[in-house]
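Basically our numbering = 1-based index in the sequence shown + 780.
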Amino acid sequence: MKVWEEKLKIGVVGAGSWGSALAYYFSILGFNVNLWVREEELFDDLIKKRENTFFLKGVKFNSRVKFSKDFLDFNKEDIIFLAVPVQFLREVLKDLKIYLERKKDFVNCSKGIEIETLKIPSQIIKEELKGKIKNIASLSGPTFAKEVVQGFPTAAVFASENENFSKYLQEKFSSLRFRFYRSKDIKGVELAGALKNIYAIGSGIIKALNLGANTWASYLTRSLHEMKRFCLHFGGNEETLSGLAGFGDLVLTSSSSNSRNFQVGFKIGKGENLKTIIGNMNMVAEGVYTLRAVYKISKERKISMPIAEALYKILYKKMDLNKAIEKLMIRELKEEGKL
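Next up, the structure:
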């Protein structure tokens, strides 16, 4: 891959696996990157070893990556990528905006729905950074952080209501190892990214119960159907759900033990307690929290989400797994194509 020097300054907020992978990728393209680190112990480790031994072991950052534990220098950045869990996004933005003296371009890289407000990331960003935003986009798709830094060919989508901005991002950051598409459907892209985490939990349960390929294929198909129904209700485009942010990310997250949400489901399927599972994880499984938000929204808006409802009852009401499956199978028979 051709590397070039760039004057463009990039800030990445969040040094989890995905934020770290993005910082690494941008740096090997030749960009200078400022990576904000929340955890004191992780910050010290990064300074000493230039490696994220907590969330992305084995990956050494080059000299273009700078590590920060505050936002003092973020006013100098041109584009800020936000890669913190959605449930902490608002809190982080409140701190960040204190240091912003001019309008910036922002790219959301998180997938989820805020439990307290039932809002998606771009809505949270617009609320908290009002008057500080030049452009806003969301990055989503089937992207395991480890595979991105390993250089495996990967594709994702930049979504923005401003097509000129998404095209700019697409052209600026695409390479031989990472191909970006663009979309104007930021709402659909963010909802798809949030919803797929829910259904990945169910996929893990299916794997743990050894229910077979027929079950998994049927489950995934009907899960995508529910995702479409939910997104369309809020003005998303059906085509988005057939793309990288929808079907692509659903397949990836639902078929690999590298997925944190899949892992949660697998352990639930093996009889482990949700509280114990979450307590033993060093990274956030967004689907656990998004499920609560989606269940509440679907009830308030009367959106039919039988699979999501079953998963909610399994995780939060301790419903028997076999009983949940039985209830799904004996529902009223319907025509397949109708949303």
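For glycine and all other residues, C-beta sits at the position ideal for the given N, C-alpha and C.
Strand pairing of residue i, partner residues [DSSP]
{"i": "L919", "result": "F938"}
{"i": "V845", "result": "V813"}
{"i": "F958", "result": "T934"}
{"i": "K789", "result": "N812"}
{"i": "I859", "result": "I790 and D885"}
{"i": "S963", "result": "A939"}
Beta-carbon proximity of residue i to residue j, cut-off 9 Å
{"i": "G1117", "j": "S1039", "result": "no"}
{"i": "V845", "j": "L862", "result": "no"}
{"i": "N739", "j": "N942", "result": "Since the first residue shown for the chain is 781 and the last is 1119, residue 739 is missing from the structure and cannot be characterised."}
{"i": "V864", "j": "V813", "result": "no"}
{"i": "A935", "j": "L1024", "result": "yes"}
{"i": "Y979", "j": "L956", "result": "no"}
{"i": "V872", "j": "R818", "result": "yes"}
{"i": "K840", "j": "R830", "result": "yes"}
{"i": "S963", "j": "V937", "result": "yes"}
{"i": "A993", "j": "G1049", "result": "no"}
{"i": "F834", "j": "N1062", "result": "yes"}
{"i": "I1077", "j": "I893", "result": "yes"}
{"i": "F960", "j": "S954", "result": "yes"}
{"i": "L826", "j": "F847", "result": "yes"}
{"i": "L971", "j": "G1016", "result": "yes"}
{"i": "L815", "j": "S800", "result": "yes"}
{"i": "L1032", "j": "P933", "result": "no"}
{"i": "N855", "j": "E881", "result": "yes"}
{"i": "L1119", "j": "K1008", "result": "yes"}
{"i": "L1030", "j": "S1003", "result": "yes"}
{"i": "S1034", "j": "F1042", "result": "yes"}
{"i": "L1071", "j": "L1095", "result": "yes"}
{"i": "S1037", "j": "A925", "result": "no"}
{"i": "I904", "j": "R870", "result": "yes"}
{"i": "P1086", "j": "E1018", "result": "no"}
CB-CB length for residue i against residue j, believed under 8 Å
{"i": "Y1069", "j": "Y1092", "result": "Going by Cβ atoms, the distance from Y1069 to Y1092 rounds to 12 Å, so no, they are not a contact pair."}
{"i": "D885", "j": "D858", "result": "7 Å"}
{"i": "S920", "j": "G973", "result": "4 Å"}
{"i": "I966", "j": "A939", "result": "4 Å"}
{"i": "A1065", "j": "V1044", "result": "5 Å"}
{"i": "L1108", "j": "A1088", "result": "Actually they do not touch by this definition, with Cβ atoms about 11 Å apart."}
{"i": "V929", "j": "F958", "result": "Incorrect: roughly 11 Å between the Cβ atoms, too far for contact."}
{"i": "G968", "j": "C1011", "result": "5 Å"}
{"i": "K883", "j": "K912", "result": "6 Å"}
{"i": "E908", "j": "K874", "result": "6 Å"}
{"i": "L802", "j": "C889", "result": "7 Å"}
{"i": "R1111", "j": "H1013", "result": "So it is not a contact: roughly 20 Å between Cβ atoms."}
Three-state secondary structure (DSSP) of residue i
{"i": "I893", "result": "coil"}
{"i": "V783", "result": "Any reading at V783 needs caution, since the residue's pLDDT is 47, under 50, leaving its predicted position unreliable; the model's value is listed next. Three-state result, V783: coil."}
{"i": "K1050", "result": "coil"}
{"i": "K914", "result": "strand"}
{"i": "L852", "result": "coil"}
{"i": "K1118", "result": "coil"}
{"i": "A925", "result": "helix"}
{"i": "A801", "result": "helix"}
{"i": "I978", "result": "helix"}
{"i": "K1082", "result": "coil"}
{"i": "I900", "result": "coil"}
{"i": "A795", "result": "coil"}
{"i": "N990", "result": "coil"}
{"i": "L909", "result": "coil"}
C-beta neighbour in chain C for residue i, strict 9 Å
{"i": "E820", "result": "You won't find chain C in this structure, because it holds only one protein chain."}
Subject >> Those runs of the beta strand (DSSP E) which lie wholly inside the stretch 861-891 and span at least 3 residues >> reply: Complete beta strand (DSSP E) runs here, min 3: 884-888.
**OP:** Enumerate, from N- to C-terminal direction, the unbroken beta strand (DSSP E) stretches of 3 or more residues contained entirely within the stretch 812-841.
**Re:** 812-816 and 836-840
Original post:
What are the complete beta strand (DSSP E) segments, minimum 3 residues, inside the stretch 995-1068?
Top reply: none
**OP:** Enumerate, from N- to C-terminal direction, the unbroken alpha helix (DSSP H) stretches of 4 or more residues contained entirely within the stretch 1086-1112.
**Re:** 1086-1096 and 1101-1109
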